[in-house]
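Read the structure below first, then the notes.
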Amino acid sequence: MSEIYDIGYRHYDGPRLGRGYSTRALTVHSLRGVFGLGRPARSKIVPYSLVAIMFFPAIVNIALMALAQQRGIDYSGFAVVMQAVVAIFLAAQAPTVVAPDLRHRVLPLYLSRPVSIAEYVGAKVAAMTIAVFALVAAPITVVYAGELLIDMPGPPATGEYLSAVLMALVLALLLSVFGLALASFTPRRGLGVASVITVYLLSFAAVPIIYGTLYSAGNEAAATYAWLVNPFWLVDSVQHAVFGTPSHAIEDGVYPGGAVSIAVLLVLLAAGFAALALRYRKAAAR
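Anchor point for the sequence shown: position 3 equals 207 in the numbering used here, and the numbering is continuous, going up by one each time.
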């Protein structure tokens with residue numbers, strides 16, 4: 205004979221904060237994970253070591269302005285010069301954003317609440333974008349603050365600084381979308397790190413090879429498209445076209461037209477978001 209027991213469950217009568225709050229909470233949780241907050245000390249070693257490396261050129265820049273009245277790395281070229289550090293940060297931390305949920309198969313639990321796949325993906329992309337943007341924009345801002353405090357000849361490069369910060373946000377979005385898409389194809393963090401860094405190394409190595417081959421064959425116009433293979437030079441080409449900043453391609457290489465660069469950037473962003481949506485739609489169906 206069956207019996208019914210009252211185990212004390214009560215209905216929730218408090219405020220319901222809605223889907224927006226759930227998405228924001230997921231974004232904050234993912235962002236904390238990128239920097240190892242709330243995790244063991246070993247989880248903080250890699251992100252904060254890379255942050256320190258990113259600030260080192262900023263300190264050198266300020267020292268140059270104070271002692272020699274000269275600027276070091278341009279604001280517009282900071283991300284290109286430091287692209288290896290940014291790529292390592294992306295490869296190391298992107299799997300921490302997506303791998304645990306896939307490994308422990310908790311995605312259906314998230315989606316059982318009023319959070320859609322688009323909102324889940326948006327929260328993950330937003331968290332990684334904020335982290336990468338802070339990694340690039342914070343040192344630039346420190347250098348700009350130092351320039352304002354130091355009596356440099358001529359006006360401060362405010363326009364170049366603002367354009368560099370804006371394009372740092374675009375770069376962060378592009379890197380985050382593709383970094384998370386690559387890392388999401390495996391629940392293992394090690395494989396995710398390897399996949400992201402491998403794709404970056406291939407894109408970095410392919411640029412001078414493709415450029416040199418086409419240029420030596422007499423196809424100078426076609427050679428300029430080689431720079432668009434690498435996300436850092438792609439965003440730099442957009443910045444060069446839109447804001448008129450100097451080109452930071454190797455050996456003063458020439459970028460293709462601005463309309464082409466912007467179109468490639470938009471296509472890549474759309475493709476990255478589509479890949480993430482399809483991947484998580486498939487993962488949620490399991």
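Every residue, glycine too, gets a C-beta built ideally from N, C-alpha and C. Remember, predicted model here, so these are calculated numbers, not experimental data.
Skipping 5 residues on each side, what residues in its chain have a beta carbon closer than 6 Å to that of LEU432? Taking the first residue of the sequence shown as position 1, residue 432 is located at position 228. Setting aside the 5 residues that flank it on each side, LEU432 is surrounded in the same chain by LEU438, VAL468, each with a C-beta closer than 6 Å to its C-beta; the list follows chain order.
C-beta atoms of VAL319 and SER253 nearer than 8 Å: Along the sequence shown, read from residue 1 onward, the residue named residue 319 stands at position 115. Along the sequence shown, read from residue 1 onward, the residue named residue 253 stands at position 49. No, Cβ-Cβ distance for VAL319 and SER253 is not below 8 Å.
Cβ-based burial, ILE277 [other Cβ within 10 Å; buried from 16]: The count along the sequence shown starts at 1 and reaches residue 277 at position 73. So ILE277 counts as buried.
May I ask you to verify whether the stretch 358–378 touches the stretch 444–463, counting CB pairs closer than 8 Å and requiring at least 3? Flag = yes, the stretch 358–378 and the stretch 444–463 touch.
Assess contact between the stretch 254–273 and the stretch 339–349, defined as three or more Cβ pairs (one per stretch) separated by less than 8 Å. Is contact present? yes
Span separating the alpha-carbon of ALA463 from that of THR417: Looking up residue 463 in the sequence shown gives position 259. Looking up residue 417 in the sequence shown gives position 213. Take the alpha-carbon of ALA463 and the one of THR417: they are about 24 Å apart.
Expressed to the nearest angstrom, what Euclidean distance is found between the alpha-carbon atoms of ALA426 and PHE477? Taking the first residue of the sequence shown as position 1, residue 426 is located at position 222. Taking the first residue of the sequence shown as position 1, residue 477 is located at position 273. Taking the straight line joining both Cα atoms gives about 28 Å.
So, under 8 Å CB-CB, LEU294 and SER388 are touching, yes? Tell me the CB distance rounded to an integer number of Å. Along the sequence shown, one-based indexing puts residue 294 at 90. Along the sequence shown, one-based indexing puts residue 388 at 184. So it is not a contact: roughly 13 Å between Cβ atoms.
Nearest CA to the CA of VAL290: which residue from THR428, SER451, SER380? Mapped onto the sequence shown, residue 290 falls at position 86. Minimum Cα distance to VAL290 is reached at SER380.
Which residue's Cα is closest to the Cα of THR402: ALA421, ASN434, GLY422? Taking the sequence shown and counting its residues from 1, one reaches residue 402 at position 198. For THR402, the nearest C-alpha among the options comes from ASN434.
Report the rounded CA-to-CA distance for VAL232 versus VAL264, giving the unit in angstroms. Your numbering for residue 232 matches position 28 in the sequence shown. Your numbering for residue 264 matches position 60 in the sequence shown. Their backbone Cα atoms lie some 33 Å apart in a straight line.
Note down, in chain order, each residue of its chain lying with its Cβ closer than 8 Å to the Cβ of ILE191, except the 5 sequence neighbours on either side. Shown here, the chain extends from 205 to 490; a query on residue 191 therefore has no answer.
At what residues does the alpha helix (DSSP H) containing ARG236 begin and finish? Within the sequence shown, the letter at position 32 stands for residue 236. Note, ARG236: alpha helix (DSSP H), 222–238.
Would you say VAL411 and ALA335 are within 8 Å of each other, going by their C-beta atoms? Within the sequence shown, the letter at position 207 stands for residue 411. Within the sequence shown, the letter at position 131 stands for residue 335. Not a contact, by the Cβ cut-off of 8 Å.
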